[in-house]
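Notes to accompany the following structure.
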Amino acid sequence: MRNDALDGFDLKLLKLMQEDTQRPVAAMAEAVGLSVPACYRRMRRLRASGAIAREVAIVRPKTLGWPLSMIVLVTLEREDTRTMDEMMAQLRAEPEVIEAWNVTGDFDVAVKMIARDMESYDDTVKRLFLVNERVRTFQTLVVIRQLKDGSPIPVAPD
Numbered sequence: 010m011r012n013d014a015l016d017g018f019d020l021k022l023l024k025l026m027q028e029d030t031q032r033p034v035a036a037m038a039e040a041v042g043l044s045v046p047a048c049y050r051r052m053r054r055l056r057a058s059g060a061i062a063r064e065v066a067i068v069r070p071k072t073l074g075w076p077l078s079m080i081v082l083v084t085l086e087r088e089d090t091r092t093m094d095e096m097m098a099q100l101r102a103e104p105e106v107i108e109a110w111n112v113t114g115d116f117d118v119a120v121k122m123i124a125r126d127m128e129s130y131d132d133t134v135k136r137l138f139l140v141n142e143r144v145r146t147f148q149t150l151v152v153i154r155q156l157k158d159g160s161p162i163p164v165a166p167d
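Quick note: to get our numbering, add 9 to the position in the sequence shown (first position is 1).
The following block contains the structure:
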């Protein structure tokens, strides 16, 4: 769904849904000034159109025994399509990799990883980057403290 296809009601709904998808439809409808059926139809349309990519529970990694987080900055040996596709496929298949991006600048790939301890991190890094012929260099940033949690996407002002 294109942004110009969204009206004020849709934008308000997207803002509210980013804050809490468990809020009852009746409360959403009241907050945006729609009837419950109209609000439900719009919410369903936003989901079906792809404006809402997915709805998930955000679980803190520590809850499941993953207390360490790292950002790994990777420079590839070559920047061709095949090398990038293979690298991204390998990263997508790795459970410890929770996010990865192809980026511009001094690095080619930025990876957000989690680990149970430094030893398991070291094992994963060796397998993914150290012995990987696609990787020229990598740099690890260990997260000391998360300063801002996954924030909602800003919605245009009313």
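Quick reminder that beta carbons are idealized off the backbone N, C-alpha and C, glycines included. These numbers come from a predicted model, not from an experiment.
Fill in: Other residues of its chain near P161: CB distance less than 6 Å, five sequence neighbours each side excluded
For P161, where only same-chain residues beyond five positions count, the Cβ hits under 6 Å are Q27.
Worksheet entry | Limits of the unbroken alpha helix (DSSP H) element including Q121 | Just to set this straight, residue 121 is Lys in the shown sequence, not Gln. It is not in any alpha helix (DSSP H) - K121 instead sits in the beta strand (DSSP E) that spans 118-124.
Practice prompt. Please report the Cβ distance between L77 and I123, rounded to the nearest whole angstrom; I am assuming they are in contact, meaning their Cβ atoms lie under 8 Å.
Written response: The pair is a contact, with the Cβ atoms about 7 Å apart (cut-off 8 Å).
Worksheet entry | Option in V83, D19, G114 with minimal Cα separation from E149 | According to the sequence shown, residue 149 is Thr rather than Glu. Of the candidates V83, D19, G114, V83 places its Cα closest to the Cα of T149.
Discussion item. Just to confirm before moving on: does the CB-CB distance between T146 and E105 stay below 7 Å?
Written reply: Judged by beta-carbon spacing, E105 lies beyond the 7 Å limit of T146, meaning their Cβ atoms are not closer than that value.
Worksheet item: So Y130 and M79 are in contact, right, with Cβ under 8 Å, and what is the actual spacing, rounded?
Response: Indeed they touch by this definition, with Cβ atoms about 7 Å apart.
Practice prompt. May I have the straight-line CA-CA distance separating R91 from M97, to the nearest angstrom?
Written response: C-alpha separation (whole angstroms): 10 Å.
Fill in: Three-state class that DSSP yields for E170 in the structure shown
Outside the shown range of the chain (10 to 167) lies residue 170, about which nothing can therefore be said.
Worksheet item: Which whole-angstrom value is the C-beta distance of R143 and L100, which I expect to be below 8 Å?
Response: With 8 Å as the limit, R143 and L100 do not qualify as a contact, their Cβ atoms being about 11 Å apart.
Discussion item. With H, G and I counted as helix, E and B as strand and the rest as coil, what does DSSP make of E108?
Written reply: Here E108 sits in strand by DSSP.
Worksheet item: Which word fits W110, buried or exposed, when buried means at least 16 other C-beta atoms lie within 10 angstroms of its C-beta?
Response: W110 should be labelled exposed.
Worksheet entry | Reference T72; option with closest CA among D16, K135, R125 | Checked all of D16, K135, R125; the closest Cα to T72 is R125.
Worksheet item: Smallest Cα separation from V41: which of G17, T30, A62?
Response: Looking at G17, T30, A62, the one whose alpha-carbon comes closest to that of V41 is G17.
Item to complete: With S78 as the anchor, note down where its beta strand (DSSP E) starts and where it stops.
Response: Secondary structure note for S78: its beta strand (DSSP E) is the uninterrupted segment 77-85.
Discussion item. Quick check: the Cα distance between D89 and I67, rounded to an integer number of angstroms?
Written reply: So the alpha carbons of these two residues sit roughly 34 Å apart.
Worksheet item: Beta carbon of G112, beta carbon of A119: below 7 Å?
Response: Before going on, a small fix: residue 112 reads as Val here, not Gly. Their beta carbons are under 7 Å apart, which means V112 touches A119 by this criterion.
Practice prompt. Label A38 either buried or exposed according to how many other C-beta atoms from any shown protein chain fall within 10 Å of its C-beta, with 16 as the threshold for buried.
Written response: A38 is buried by the Cβ-count criterion.
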